[in-house]
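Chains as they are written, first to last, in my numbering: chain R, 1 to 356; chain L, 1 to 404. We put the beta carbon where it would ideally sit given N, CA and C, even for glycine. Predicted model, so just to flag it, every value in this text is computed and none were measured. Note sheet for the following structure.
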Amino acid sequence: MIRDSGAKLFGRCERPRVGTAAAFDAALWGELAANGWLAFLADPGAAGADVALFLLEAGRAGVSIPLIDCALAPGRALRLAGRADAAERLVRGEGRVALAAEPVAGRNAPVASRSGSAWALDGECIAPAGGWCDAFLVAVELDGRGPDFALIPQDRPGLTAMRYAGMDGCQHARLRFEAASAPSGTLLGLSADGVGAVLAAMRAAACAEAAGHMAALLAATRRHVLARKQFGKPIASFQAVEHRIARMVIAVEEARSLALFAAIRLAADATERDRAISGAKAKIGALSRFVAQNAVQLHGGMGVSEDMPVGHHFRRLATFEARHGTTRHHRDQVAAFVRGAPSLGGSLLDAGAGAA
Amino acid sequence: MDLTLSPDDIAFRDEVRAFFADALPEPLRRGQRLNTGFFSEPEIGVAWNRILHARGWIAPAWPVEHGGTGWSLTQRHIFEVESNRAGAPYLQLQGLRMVGPVIMRYGTPAQKAYYLPRILSGDDYWCQGFSEPDAGSDLASLRTRAVRDGDHYVINGSKIWTSHAHHANRMFALVRTAETEKRQAGISFLLIDMDTPGIAVRPIVTMDGAHEVNEVFFTDLRVPVANRVGAENQGWECAKYLLEFERAGGFASGQLRMALDRLHRLARSTGRGNERVLDDPHIAGRMADILCDLDALEFMELGVMSQVDVGQNPGPVASLLKVRSSEIRQSISELATDVVGLEGLRWHAASPLLRNDFDTPLDEELAAAAPIYLSERAHSIFAGSTEIQLTILARSYLEGSEQA
């Protein structure tokens with residue numbers, strides 16, 4: 001049912017094109033708010049698998065609407081922090097807040113340090129939907145107190161926001177904090193567990209969205225190889241093409257499975273949860289690259305043409321790989337788990353039942 | 001699918017675990033540690049078959065009226081996982097998973113009454129006579145001829161890659177009973193007593209040094225017509241059913257988790273000086289890849305299982321599982337050769353490996369690593385090669401609906 005609703009909602013959206021200013025689809029956002037979808041995404045208690053199915057449809061349709069950055073992540077953070085009013089405004093679509101949690105290569109991530117009775121922020125980060133928003137939910141490291149989020153309006157002194165179009169069809173913002181003031185109330189006061197839960201839910205959702213993009217690329221490639229004729233017959237009849245298609249089918253099925261697995265594991269303890277999410281992010285990252293590149297390849301010349309939807313999904317997936325902890329970062333996380341694990345035996349069913 | 005076990009399932013798991021702890025003797029565990037092939041040596045596999053049979057647990061996939069356990073698919077998965085966790089020997093599946101279901105579906109009452117109990121008890125040891133020198137992936141081109149002579153068929157021809165034919169007392173075979181335009185329409189399914197005159201078994205030693213497969217020659221072999229399963233020239237249907245059942249009835253992730261766990265144990269127990277092999281980032285990274293591959297595989301297997309549970313045909317996903325499970329299996333044994341290093345790449349004096357003496361269980365697993373790497377090359381070839389599976393998968397996707 002969620003799947004059908006998602007497909008219906010997103011099915012009529014137009015994909016953004018290269019070279020056009022990425023516009024925020026305010027009409028769709030309003031509809032998502034009015035139908036309760038933003039509240040659903042922002043609910044820390046929503047079933048992981050349901051959220052995954054919804055995001056899968058968003059990915060399949062190729063929408064660039066920032067469901068994760070502007071609803072799921074900030075909504076959950078605000079709810080977990082007990083900021084009911086702010087969360088309510090957000091899910092009603094009033095005022096837009098963008099998650100700002102991506103690192104800038106070679107720069108320090110935002111750190112909050114005590115400055116009298118208040119806090120001051122220094123550092124840099126990227127808000128991948130920040131170009132559309134007037135406030136940011138910034139992932140910060142508190143001096144000696146672990147991670148938290150800070151809710152910062154764009155006009156806060158000491159904050160410089162540079163806005164630009166991202167390859168994924170979103171308006172990004174690169175944020176620089178230089179002794180930016182953060183009076184009381186700016187920090188959400190979440191525990192490390194709370195921050196971990198928000199990040200985990202966001203990553204699992206991103207995995208599902210990526211699996212949706214992959215499914216769309218596969219479906220588009222199927223249509224193309226069946227329709228395109230060379231040497232007097234559809235290119236789908238050539239075994240070199242068939243086997244590439246079969247490999248894509250396998251990759252999409254694996255990606256969808258891991259996205260659902262990660263989503264289900266959101267309910268497990270943090271170690272199991274993070275292991276599943278890192279595994280899913282790492283492997284879906286690698287699989288997404290495979291599917292995206294092969295989709296272009298099998299489309300031939302049309303694959304590199306912006307007249308086809310292939311490029312858009314391709315760019316979304318390339319952005320996915322660079323976000324939420326890169327493919328390589330998460331593979332390293334799983335490798336660290338492997339090094340520390342007392343055993344790798346057992347079954348997926350163990351975690352829910354007290355592992356041996 | 002929520003990946004949690006019900007209290008009943010947990011109680012079941014504990015019961016199964018307690019059984020394995022109690023009923024699986026050390027010599028059989030050792031046999032499994034030193035098993036480098038797809039099936040156990042009969043002295044190990046049949047002994048374990050008899051223990052499971054005595055407990056009533058030899059054929060979880062069979063219907064209850066024929067000796068099955070009546071377990072849910074979740075329980076069957078649990079049993080499989082626990083069996084591998086305990087280090088139980090692989091069972092000889094040609095009877096349990098291949099010919100048994102065919103006899104149940106297509107056999108006469110007399111065939112069912114005679115053969116099925118003997119499969120369960122381990123009294124019969126079956127081998128599969130399908131492939132021929134000129135009929136591998138293109139199985140329907142098989143040429144072994146069966147000519148009717150009164151109440152018998154007279155058979156001439158040969159089979160190849162016949163696993164454990166040298167141990168088996170029975171063979172189920174596909175033979176040509178008619179020359180038809182549609183080649184599949186002239187094939188019959190026969191049950192052959194391996195003691196009948198006219199059968200010669202020639203060993204084929206494989207690149208791991210093991211004798212697991214054979215070539216089998218038939219010269220004027222006489223097989224009673226009563227040993228035919230299904231109608232004459234309808235054998236292809238039996239063969240297709242066998243393959244479907246084989247694919248739907250067997251899940252690899254339990255075995256592969258065990259193999260990865262074994263590799264992990266080798267990598268954390270060996271090393272140079274204070275540094276474990278497991279601390280090599282390259283080794284740990286590849287093991288991480290395999291762990292993620294296995295999560296995906298097991299999740300897909302559980303999904304297939306829940307489909308079968310509600311009576312759906314799993315369809316071409318069986319091909320997907322075959323491709324991935326053989327690749328993951330091979331990636332584990334390939335990585336094992338890096339873990340054991342040059343010192344581990346050796347020949348052992350006696351074959352099979354369990355005829356050699358080793359000091360510790362770890363030594364046994366170290367010794368098995370290299371032969372397993374060699375023998376597992378066959379997994380992407382038998383039961384429908386990877387190339388055949390990819391073609392099946394692509395065609396069913398391209399011809400079917402858009403959803404993969």
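Within a Cβ cutoff of 8 Å, which residues of the same chain sit near residue i, ignoring the five residues on either side of it in sequence?
{"i": "D195/L", "result": "N169"}
{"i": "R143/L", "result": "E132, D134, A135, G157 and R176"}
{"i": "G325/R", "result": "R203, S278, K281 and Q333"}
{"i": "A165/R", "result": "A21, A22, G131, Q171 and H172"}
{"i": "A46/R", "result": "F40"}
{"i": "P309/R", "result": "R15, G62, A216 and A220"}
Once the 5 residues before and after residue i are set aside, which same chain residues still bring their CB inside 6 Å of it?
{"i": "S331/L", "result": "I290"}
{"i": "A165/L", "result": "C127, V201, N214 and V216"}
{"i": "L56/R", "result": "A208, A211 and G212"}
{"i": "R156/R", "result": "A180"}
{"i": "P103/R", "result": "A109"}
{"i": "I107/L", "result": "It should be pointed out that residue 107/L corresponds to Gly in this sequence rather than to Ile. So the qualifying residues of the chain are V229."}
{"i": "A221/R", "result": "The sequence shown places Thr at residue 221/R, rather than the Ala named in the question. These residues qualify, in order along the chain: A295 and L298."}
{"i": "G285/R", "result": "E321 and T327"}
Between residue i and chain R, is the shortest Cβ-Cβ distance under 9 Å, so that the two count as touching?
{"i": "C292/L", "result": "yes"}
{"i": "R411/L", "result": "No answer is possible for residue 411/L: it lies beyond the span of chain L, which begins at 1 and ends at 404."}
{"i": "Y153/L", "result": "no"}
{"i": "G384/L", "result": "no"}
{"i": "W139/L", "result": "Position check: residue 139/L holds Leu in this sequence, whereas Trp was assumed. By this cut-off, L139/L is not an interface position."}
{"i": "Q389/L", "result": "yes"}
{"i": "R257/L", "result": "yes"}
{"i": "V147/L", "result": "no"}
{"i": "M300/L", "result": "yes"}
{"i": "L260/L", "result": "yes"}
What whole-angstrom Cβ distance do residue i and residue j have, given they're in contact under 8 Å?
{"i": "R265/R", "j": "L188/R", "result": "Between L188/R and R265/R the Cβ distance is about 25 Å, and since that is not below 8 Å, they are no contact."}
{"i": "N227/L", "j": "L191/L", "result": "4 Å"}
{"i": "G48/R", "j": "A204/R", "result": "6 Å"}
{"i": "S288/R", "j": "M214/R", "result": "6 Å"}
{"i": "L80/R", "j": "P44/R", "result": "6 Å"}
{"i": "R92/R", "j": "A33/R", "result": "5 Å"}
{"i": "L3/L", "j": "L348/R", "result": "6 Å"}
{"i": "A350/L", "j": "F358/L", "result": "Between F358/L and A350/L the Cβ distance is about 12 Å, and since that is not below 8 Å, they are no contact."}
{"i": "S121/L", "j": "H53/L", "result": "5 Å"}
{"i": "A216/R", "j": "H313/R", "result": "6 Å"}
{"i": "A197/R", "j": "A52/R", "result": "Wrong, their Cβ atoms sit about 16 Å apart, outside the cutoff."}
{"i": "V102/L", "j": "L242/L", "result": "5 Å"}
If you measure from the beta carbon of residue i to each beta carbon in chain L, is any gap under 9 Å?
{"i": "K229/R", "result": "no"}
{"i": "H324/R", "result": "no"}
{"i": "F261/R", "result": "yes"}
{"i": "K283/R", "result": "yes"}
{"i": "H224/R", "result": "no"}
{"i": "L348/R", "result": "yes"}
{"i": "I2/R", "result": "no"}
{"i": "I250/R", "result": "yes"}
{"i": "S288/R", "result": "no"}
{"i": "A200/R", "result": "no"}
{"i": "Q239/R", "result": "yes"}
Please work out which residues of its chain come closer than 7 Å, Cβ to Cβ, to residue i, disregarding the five sequence neighbours upstream and downstream, and give them in chain order.
{"i": "P27/L", "result": "none"}
{"i": "V277/L", "result": "A267, T270, G271, I283 and V339"}
{"i": "I65/R", "result": "D25, L28 and W29"}
{"i": "D423/L", "result": "Outside the shown range of chain L (1 to 404) lies residue 423/L, about which nothing can therefore be said."}
{"i": "E298/L", "result": "S253"}
**Item:** Contact residues within the region 327 to 339 of chain R, judged by C-beta distance below 8 Å to chain L
**Value:** Contact residues of the region 327 to 339 of chain R toward chain L are R331, D332, V334, A335, A336, F337, V338 and R339 (C-beta to C-beta distance below 8 Å).
**Request:** Could you run through the region 176 to 203 of chain L and flag, in chain order, every residue whose CB is less than 9 Å away from some CB of chain R?
**Result:** Listed in chain order, the positions of the region 176 to 203 of chain L with a beta carbon within less than 9 Å of a beta carbon of chain R would be empty, since no residue qualifies.
**Contact residues within the region 264 to 281 of chain L, judged by C-beta distance below 8 Å to chain R** = Going along the region 264 to 281 of chain L in chain order, one finds H264, R265, L278, D279 and P281 with a Cβ nearer than 8 Å to chain R.
**Item:** Touch test, the region 218 to 234 of chain L against the region 178 to 187 of chain L, Cβ-Cβ under 8 Å, three pairs minimum
**Value:** Touching, yes.
**Item:** Residues of the region 205 to 238 of chain L whose Cβ lies closer than 8 Å to any Cβ of chain R, in chain order
**Value:** Those would be none; no residue qualifies.
**Asked** Got a sec: which bits of the region 182 to 194 of chain R sit with their beta carbon under 8 Å from any beta carbon on chain L, in order along the chain?
**Response** From the region 182 to 194 of chain R, no residue has a Cβ closer than 8 Å to chain L.
**Prompt:** Okay, do the region 175 to 183 of chain R and the region 156 to 167 of chain R touch, 3+ Cβ pairs below 8 Å being the bar?
**Reply:** Output reads yes: the region 156 to 167 of chain R touches the region 175 to 183 of chain R.
**Asked** Can we say the region 76 to 93 of chain L touches the region 10 to 25 of chain L, given the rule of at least three CB pairs closer than 8 Å?
**Response** Contact between the region 76 to 93 of chain L and the region 10 to 25 of chain L is present: 3 or more CB-CB pairs across the two stretches fall below 8 Å.
**Asked** What are the residues of the region 77 to 94 of chain L that lie near chain R, defined by any Cβ-Cβ distance shorter than 8 Å?
**Response** Contact residues of the region 77 to 94 of chain L toward chain R are H77, I78, V81, N84 and R85 (C-beta to C-beta distance below 8 Å).
**the region 383 to 396 of chain L touching the region 318 to 338 of chain L, judged by at least three CB pairs closer than 8 Å** = Under the Cβ criterion (8 Å, minimum of three pairs), the region 383 to 396 of chain L counts as touching the region 318 to 338 of chain L.
**Request:** With 9 Å as the limit, tell me which residues of the region 25 to 57 of chain L have their beta carbon closer than that to any beta carbon of chain R; keep them in chain order.
**Result:** Cβ contacts with chain R: none found.
**Request:** Decide yes or no for the touch test of the region 224 to 240 of chain R against the region 286 to 303 of chain R: beta carbon pairs closer than 8 Å, at least 3 of them.
**Result:** Output reads yes: the region 286 to 303 of chain R touches the region 224 to 240 of chain R.
**Request:** Below 9 Å between beta carbons is the criterion; list the residues of the region 324 to 342 of chain L that meet it against any residue of chain R, in chain order.
**Result:** Answer set for the region 324 to 342 of chain L: R324.
**Item:** Contact list for the region 265 to 284 of chain R against chain L, Cβ threshold 8 Å
**Value:** Those would be R265, A276, G279, A280, A282 and K283, in chain order.
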